[in-house]
Ligand SMILES: [Ca+2]
Ligand SMILES: [Ca+2]
Ligand SMILES: [Ca+2]
Ligand SMILES: [Ca+2]
């Protein structure tokens with residue numbers, strides 16, 4: 004992990020007043036890991052950078068909210084080099100483990116800004132670009148409606164079929180066999196006349212049942228981008244690492260929303 008000081012000078016952000024320092028690579032990919040409540044960290048071989056956000060993140064509440072370039076208070080920023088690569092649980096322990104051996108540590112300050120973007124999708128395989136379209140009129144737009152015709156059969160299970168040939172695909176057809184009884188009120192499991200066709204797809208079978216219960220499910224994805232302005236880190240020897248703007252990286256969290264209708 005030793006690098007020549009000339010190299011560090013080329014990187015511009017290290018101080019160059021020491022001819023024999025353990026110069027780190029300071030090269031991380033963009034994926035931010037999290038631990039506890041709320042440590043953000045990245046590990047690249049024998050180096051790691053971590054910071055502690057001074058916020059409550061119980062149930063991912065902090066990560067799961069939209070924000071634009073919001074300044075967030077930070078209680079710790081630390082950059083460490085090790086004798087060997089630490090595992091991902093390293094920063095998840097209140098007392099740092101003895102191994103791998105810490106070679107050096109830079110701590111300091113910076114202004115952390117977070118932008119979190121929310122995207123939502125029902126993952127029903129239908130491309131639903133019109134965010135206002137609500138095919139079944141249940142006030143849930145198609146792109147987050149897992150059952151676009153409210154017939155009790157998820158869109159992903161009846162996509163791109165037109166069982167009764169009426170020109171309406173099953174996922175938008177609330178009477179899939181065109182027998183006048185809504186699919187929601189026919190059995191989707193029984194084949195009462197034994198002809199190999201389930202009742203809800205069999206126009207010969209007309210048995211009106213109480214409506215099956217409806218649930219809606221979709222996924223919320225929160226993508227947080229972390230940027231540190233005026234990052235300044237210093238080790239015990241007074242060597243510094245500085246960035247005007249350091250792109251700390253991104254963290255994606257997902258949340259499943261399930262609603263009984
Ligand atoms: Ca809808
Ligand atoms: Ca459906
Ligand atoms: Ca149809
Ligand atoms: Ca029917």
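In the numbering used here, the protein residues as written are 4 to 264. Backbone N, C-alpha and C fix where the C-beta goes; we use that ideal spot for every residue, glycine too. Fair warning: this is a prediction, and the values are worked out from it, not measured in the lab.
| Check | Outcome |
| --- | --- |
| I need the residues with a C-beta less than 5 Å from some heavy atom of ligand 5; please give them in chain order. | With respect to small molecules bound, the structure shown includes ligand 1, ligand 2, ligand 3 and ligand 4 and not ligand 5. |
| At a cut-off of 8 Å, is residue 186 close to ligand 4 when judged by its beta-carbon and the heavy atoms of the ligand? | yes |
| Assign residue 45 to one of two classes, buried (16 or more other C-beta atoms within 10 Å of its C-beta) or exposed (fewer than that). | buried |
| Using the beta-carbon of each residue, find all residues closer than 5 Å to any heavy atom of ligand 3 and list them in chain order. | 165, 167, 169, 171 and 176 |
| Taking the beta strand (DSSP E) that residue 44 falls in, what are its first and last residues? | 42–47 |
| Please report the Cβ distance between residue 53 and residue 61, rounded to the nearest whole angstrom; I am assuming they are in contact, meaning their Cβ atoms lie under 8 Å. | Going by Cβ atoms, the distance from residue 53 to residue 61 rounds to 20 Å, so no, they are not a contact pair. |
| Give a single yes or no on whether residue 203 has its beta carbon closer than 8 Å to a heavy atom of ligand 4. | yes |
| For residue 211, name the three-state secondary structure that DSSP assigns. | coil |
| Assess contact between the region 57–72 and the region 91–104, defined as three or more Cβ pairs (one per stretch) separated by less than 8 Å. Is contact present? | no |
| Give me the DSSP bridge partner(s) of residue 170. | None; residue 170 has no bridge partner. |
| Got a sec? Which residues, its chain only, sit under 8 Å from residue 138 by beta carbon, not counting five neighbours each side? | 145, 148, 151, 152 and 175 |
| Hey, out of 130, 173 and 210, whose CA is closest to residue 190's CA? | 210 |
| Going by Cα to Cα distance, which pick from 194, 83, 178 and 250 is closest to residue 32? | 250 |
| Evaluate residue 263 with the Cβ neighbour count: other Cβ atoms within 10 Å of its Cβ, from every protein chain shown; 16 or more gives buried, anything less gives exposed. | exposed |
| Assuming residue 117 and residue 75 form a contact by the criterion Cβ under 8 Å, report the distance between their Cβ atoms to the nearest whole angstrom. | 5 Å |
| Taking three-plus beta-carbon pairs below 8 Å as touching, is the region 156–164 in contact with the region 230–243? | no |
| In whole angstroms, what separates the C-alpha of residue 73 from that of residue 247? | 17 Å |
| According to the neighbour-count rule (16 or more other Cβ atoms, all chains shown, within 10 Å of its Cβ), is residue 259 buried or exposed? | exposed |
| Hey, would you say the C-beta of residue 47 is under 8 Å away from at least one heavy atom of ligand 4? | no |
| Starting from the Cα of residue 127, find the closest Cα among 172, 220 and 30 and give me that residue. | 220 |
| Counting only the same chain and skipping the five closest in sequence on each side, list residues whose C-beta sits under 6 Å from that of residue 122. | 224 |
| Is the beta carbon of residue 143 within less than 8 Å of some heavy atom of ligand 1? | yes |
| Can you tell me the Cα-Cα spacing of residue 105 and residue 113, whole angstroms? | 23 Å |
| Provide the residue span of the beta strand (DSSP E) that contains residue 219, from first to last. | 218–237 |
| With burial defined as no fewer than 16 other Cβ atoms inside 10 Å of the residue's Cβ, what is the status of residue 232: buried or exposed? | exposed |
| Kindly list the residues whose CB is nearer than 7 Å to the CB of residue 186, restricted to its own chain and excluding five residues on each side of it in sequence; keep chain order. | 154, 155, 156, 177, 178, 179 and 203 |
| To the nearest angstrom, how far is it from the Cα of residue 47 to the Cα of residue 119? | 24 Å |
| Look up residue 261 in the DSSP assignment and give the residues it is bridged to. | 220 |
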